[in-house]
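Notes to accompany the following structure.
Numbering (the numbering used here), first residue to last: 65 to 400.
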């Protein structure tokens, strides 16, 4: 009875008399661009970037692992594996800093960041971001350098310059959407908010687990298969804005959520594999939402853009919308 009574308290109404500005959070569901052919032209994203720039976000978050979590996982290899995050050896060699020390230097630099940073400062900060395991933010700094200043120097040595050049060619929404938009708006970084500590599952037979979950998803994919056919057609257009409108359509998101969770929970498994998978999925989303909230904790009234795989968007909208002083922005209106 006590738990039931607690559940009946309407926490959503506690901010009804709130004084001060409310945060505006826009969640953009995206496809993972790494699945596209190498010849993908980032220019097809220009219409989308124009609409997102019109939202004028103060903060941009991306579905990438933050440096702090990479460092945490590296200290627990027995649980998370040795390749949880990409190595930062080259950046450590250039800066002399491991991930925790680089994060501290990044925070110190940003607190004293001038309105008009010099190329020397930007190159140095890009190197620090790479050492902090935050490559997308390093690319934000690189993009804001004049072409003549995109060179080695100030701790950013030749191997790191080559790394940034490679980043610019990758089919990855963290770089082609998040970093490019941040640089265009004059922001100094993007915030990596992904988390896999909660869905690093401990099951005895991982192959059997995978077979059960994949079979469950396959059984519920009818409507999703039809939508994916339409996505493939829209992907061929010279402007991907219509595809992103389609991807963020509420009906399509409902279909995705049904396949992800409802279809899994309908599957029979004596080991409870579907319930285990869903629990991991929900924990991951909860921790990502908490990471997003942390980015604007000290910034009441911030305008936040969260770029995330479309399957996460319903959970982000639902849980972010329950936070005090937070309004969810209708993505359809922004992409219109």
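Backbone N, C-alpha and C fix where the C-beta goes; we use that ideal spot for every residue, glycine too.
*In terms of residues, what are the limits of the beta strand (DSSP E) holding residue 370?*
367-373
_Report the start-end ranges of each alpha helix (DSSP H) in the stretch 138-203 that is 4 residues or longer and not cut off at the edges._
Along the length of the stretch 138-203, whole alpha helix (DSSP H) runs at least 4 residues long occupy 141-144, 153-159, 163-175 and 183-195, reported in chain order.
*Based on Cα-Cα distance, which residue from 305, 320, 273 and 269 lies nearest to residue 292?*
The option with the nearest alpha carbon to residue 292 is 320.
_DSSP-derived helix/strand/coil call for residue 256_ = strand
_Cβ distance (whole Å) where residue 243 is taken to contact residue 254 below 8 Å_ = The C-beta separation of residue 243 from residue 254 comes to about 6 Å, placing the pair in contact by the 8 Å criterion.
*For residue 56, which option in 117, 102 and 109 has the closest C-alpha, if you only look at C-alpha atoms?*
As shown, the chain starts at 65 and ends at 400. That puts residue 56 outside it, with no answer to give.
_On the DSSP bridge list, what partners appear for residue 420?_
Because the chain in this structure spans residues 65 to 400, residue 420 falls outside the shown range and cannot be described.
*What three-state label does DSSP hand residue 93 in the structure shown?*
strand
_Quick test of your reading: residue 280 and residue 354, contact by CB under 8 Å. State the CB separation rounded to the nearest angstrom._
About 28 Å separates the two Cβ atoms, so there is no contact after all.
*Spell out the partners DSSP gives residue 112 in its beta bridges.*
According to DSSP, residue 112 bridges with nothing at all.
*Hey, is the stretch 85-92 in contact with the stretch 352-369, meaning 3+ C-beta pairs nearer than 8 Å?*
Yes: at least three Cβ pairs fall under 8 Å.
*Taking just the CA atoms, how far does residue 230 sit from residue 100?*
16 Å
*Where residue 65 falls, given that 16 or more other Cβ within 10 Å makes a residue buried*: With a pLDDT of 49 at residue 65, under the threshold of 50, the modelled position of that residue is not reliable, and the figure given next carries that caveat. Residue 65 is exposed by the Cβ-count criterion.
_Cβ-based burial, residue 83 [other Cβ within 10 Å; buried from 16]_ = exposed
*Distance, Cα to Cα, residue 164 vs residue 189?*
Using only the alpha carbons, I get a separation of about 15 Å.
*Do three or more CB pairs link the stretch 294-302 to the stretch 255-274 at distances below 8 Å?*
Taking a cut-off of 8 Å for Cβ pairs, the stretch 294-302 and the stretch 255-274 do not touch, as fewer than three such pairs fall below it.
_Given residue 400 as reference, the closest of 86, 112 and 72 once Cα atoms are compared_ = Ranking 86, 112 and 72 by Cα distance to residue 400 puts 112 first.
_Stretch pair the stretch 333-345 + the stretch 224-241: three plus CB contacts closer than 8 Å_ = These segments do not touch.
_Residue span of the alpha helix (DSSP H) that contains residue 359, given as start and end_ = 337-359
*Among 349, 277, 182 and 375, which has the Cα closest to the Cα of residue 317?*
375
*Would you give the residue range spanned by the alpha helix (DSSP H) that residue 270 belongs to?*
270-283
_For a quick check, are the C-beta atoms of residue 225 and residue 216 less than 8 Å apart?_
Yes.
*Work out the CA separation of residue 309 and residue 214 for me, nearest whole Å.*
When rounded, the distance between both Cα atoms is 35 Å.
_With H, G and I counted as helix, E and B as strand and the rest as coil, what does DSSP make of residue 298?_
In the structure shown, the three-state DSSP call for residue 298 is helix.
*Exposed or buried, what is residue 384 when buried is set at 16 or more other beta-carbons lying within 10 Å of its beta-carbon?*
buried
*Using the C-alpha atoms, what's the distance from residue 372 back to residue 390?*
18 Å
_Let me check understanding here. Comparing Cα to Cα, which of 180, 267 and 349 lies closest to residue 259?_
349
*Which partner residues of residue 228 appear in the DSSP bridge assignment?*
BP columns for residue 228 are empty, so no partner.
*May I ask you to list the residues that DSSP assigns as paired with residue 220?*
217
*Please name the residue or residues paired with residue 125 in a DSSP beta bridge.*
255 and 370
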